[in-house]
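Let me begin by presenting the structure, written as structure tokens, before commenting on it.
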Amino acid sequence: MRLLDRIRSNPSGRLALKIGVGVLGTLVVALGIVLIPFPGPGWAIVILGLAILALEFAWAKNLLEFTKRHVRSWTHWIGRQSLPVRGLIGIVGMIFVAAVVWAAVRLSLGVDLIQWTRDWLAAH
4 MRLLDRIRSN PSGRLALKIG VGVLGTLVVA LGIVLIPFPG PGWAIVILGL AILALEFAWA
64 KNLLEFTKRH VRSWTHWIGR QSLPVRGLIG IVGMIFVAAV VWAAVRLSLG VDLIQWTRDW
124 LAAH
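This is the structure:
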């Protein structure tokens with residue numbers, strides 16, 4: 004953090020750092036939001052963007068702490084549940100992700116994946 008403190012000690016450096024962190028953090032958060040509907044680390048990228056923004060912005064630091072607290076709480080709650088309950092939550096989660104992917108592909112590309120799969124299965 005010494006480097007950041009040295010940059011912050013200069014008024015123009017402080018402004019440049021705030022702008023740079025704001026732009027980079029916003030771009031990372033935006034990329035994460037775009038990737039959320041797809042399989043992969045969309046939410047992790049959003050949280051990474053928040054961590055970048057938290058370097059310079061108090062509201063981002065508060066939101067990051069709020070997010071970490073609730074993710075930790077949810078993770079501990081899931082860990083205390085029985086195996087059938089965890090399995091049910093996993094199945095519901097997979098159905099939700101599948102529905103979001105279907106809707107994203109349908110709305111953005113105009114392709115109905117369910118109909119496409121039925122057509123492909125009928126042809127083979």
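Position one of the sequence shown corresponds to residue 4 (the working numbering), numbered consecutively onward.
Each residue gets a CB set at the ideal place from its N, CA and C atoms; glycine is no exception.
What is the rounded straight-line gap between the Cα of residue i and the Cα of residue j?
i: residue 116; j: residue 109; result: 7 Å
i: residue 31; j: residue 87; result: 36 Å
i: residue 16; j: residue 9; result: 8 Å
i: residue 92; j: residue 78; result: 12 Å
i: residue 45; j: residue 23; result: 22 Å
i: residue 26; j: residue 126; result: 49 Å
i: residue 12; j: residue 62; result: 22 Å
i: residue 123; j: residue 90; result: 30 Å
Can you find the residues in the same chain that come closer than 7 Å, C-beta to C-beta, to residue i, ignoring five residues on each side of it along the sequence?
i: residue 66; result: 53
i: residue 64; result: 57
i: residue 34; result: 48
So, is residue i buried or exposed, given that buried needs 16 or more other C-beta atoms within 10 angstroms?
i: residue 28; result: buried
i: residue 55; result: buried
i: residue 113; result: exposed
i: residue 81; result: exposed
i: residue 131; result: Any property of residue 131 remains undetermined from this structure, which presents the chain solely from 4 to 127.
i: residue 48; result: buried
I'd like the list of long-range same chain contacts for residue i, defined as Cβ closer than 8 Å, with 5 residues on each side in sequence excluded.
i: residue 70; result: 50, 53
i: residue 38; result: 44, 45, 48
i: residue 131; result: The displayed coordinates of the chain run from 4 to 127. Any statement about residue 131 would go beyond what the structure contains.
Using C-beta distances below 6 Å, list every residue in its chain close to residue i, excluding the 5 sequence neighbours before and after it, in chain order.
i: residue 103; result: 40
Query raised in the report: Considering only residues of the stretch 23-71, which uninterrupted alpha helix (DSSP H) runs meet the minimum length of 4 residues and lie entirely inside it, listed in chain order?
Result: Within the stretch 23-71, the complete alpha helix (DSSP H) runs of at least 4 residues fall at 45-57.
Report task. Report the residue ranges of all alpha helix (DSSP H) runs contained in full by the stretch 79-115; include only those spanning at least 4 residues, in chain order. Result -> Counting only runs of 4 or more, we get 86-112.
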